[in-house]
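Enquirer: Can you keep this structure in mind? I'll have questions shortly.
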Amino acid sequence: MPSTAQVPEGTETLLVEEIVLFLSVHLGRSPGLMWTEHELPDPGALAEFLPAALARRLDRPIGVLPPVFGDTRTAHDLLVCQLGGSDTWHIAPPAGAALTLRLQAGEVLYVPAGSLCTPRRGVRSRALLLALGAPKSERDEESP
Numbered sequence: 220m221p222s223t224a225q226v227p228e229g230t231e232t233l234l235v236e237e238i239v240l241f242l243s244v245h246l247g248r249s250p251g252l253m254w255t256e257h258e259l260p261d262p263g264a265l266a267e268f269l270p271a272a273l274a275r276r277l278d279r280p281i282g283v284l285p286p287v288f289g290d291t292r293t294a295h296d297l298l299v300c301q302l303g304g305s306d307t308w309h310i311a312p313p314a315g316a317a318l319t320l321r322l323q324a325g326e327v328l329y330v331p332a333g334s335l336c337t338p339r340r341g342v343r344s345r346a347l348l349l350a351l352g353a354p355k356s357e358r359d360e361e362s363p
């Protein structure tokens with residue numbers, strides 16, 4: 220079981236529920252930006268508990284992605300948790316108008332699958348990228 224010692228007590232559940240509610244509005248529909256009511260824990264703690272907690276609540280696999288650079292078409296729904304600094308994301312969703320958003324620390328961005336994304340990383344930028352519906356590892360991809 221992952222250690223959540225660096226996460227203030229109660230924050231894990233509140234943050235997960237806040238993200239699940241946010242996704243219930245946007246998932247599969249349109250890009251969305253959320254300002255969290257609860258401070259995001261340090262990147263290590265967040266990366267440790269958030270993918271598994273969201274996978275349980277959403278009943279779908281969640282994969283952690285490396286940073287995205289240049290024009291990238293998203294194969295899965297994407298959740299970006301901006302942990303530090305700021306990034307600018309240009310998003311052209313499969314349906315609807317393109318938009319450009321600047322993410323600040325503590326904000327969460329949802330990008331629907333099939334969107335064309337062009338992120339520009341800022342100085343001291345730290346972000347956690349989660350693929351909603353993506354296998355957690357290559358081994359999971361091979362499972363029936």
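Per our numbering: the sequence shown = residues 220 to 363.
Glycine is no exception: its CB is placed at the ideal position from the N, C-alpha and C atoms.
1. From the DSSP output, in three-state form, read off Ala324 for me.
2. Tell me, which residues are paired with Val364 by DSSP?
3. For Gly289 and Ala332, I'd like the C-alpha separation in whole angstroms.
4. Which residue spans inside the region 284-319 form an unbroken beta strand (DSSP E) run of at least 3?
5. Is it true that the CB of His295 sits closer than 8 Å to the CB of Thr337?
6. Under 8 Å by Cβ, that's how I've got Tyr329 and Leu298 pegged, so tell me the actual separation to the nearest angstrom.
7. Determine which residues share a DSSP beta bridge with Leu335 and list them.
8. Anyone know if the C-beta pair for Leu273 and Gln301 falls short of 8 Å?
9. Determine the closest residue to Leu335 out of Pro286, Ala350, Pro313, with distance taken between C-alpha atoms.
Expert: By the coordinates alone:
1. As a working note, residue 324 is residue 105 in the sequence shown. Coil.
2. No statement about residue 364 is possible, as the shown extent of the chain runs from 220 to 363 and does not include it.
3. Residue mapping note: residue 289 aligns to position 70 of the sequence shown, counting from 1. Residue mapping note: residue 332 aligns to position 113 of the sequence shown, counting from 1. The alpha-carbon atoms of Gly289 and Ala332 are separated by roughly 17 Å.
4. 296-303, 305-311
5. As a first step, residue 337 is located in the sequence shown; it is residue number 118 there, counting from the start. As a first step, residue 295 is located in the sequence shown; it is residue number 76 there, counting from the start. No, Cβ-Cβ distance for Thr337 and His295 is not below 8 Å.
6. As a working note, residue 329 is residue 110 in the sequence shown. As a working note, residue 298 is residue 79 in the sequence shown. Right, their Cβ atoms sit about 6 Å apart.
7. Indexing the sequence shown from 1 puts residue 335 at position 116. According to DSSP, Leu335 bridges with Arg292, Ala311.
8. Position 54 of the sequence shown, counted from the start, is the residue given in the question as residue 273. Position 82 of the sequence shown, counted from the start, is the residue given in the question as residue 301. No, these two residues do not count as a Cβ contact at 8 Å.
9. Stepping through the sequence shown from its first residue, residue 335 is reached at position 116. For the residues Pro286, Ala350, Pro313, the minimum Cα distance to Leu335 belongs to Pro313.
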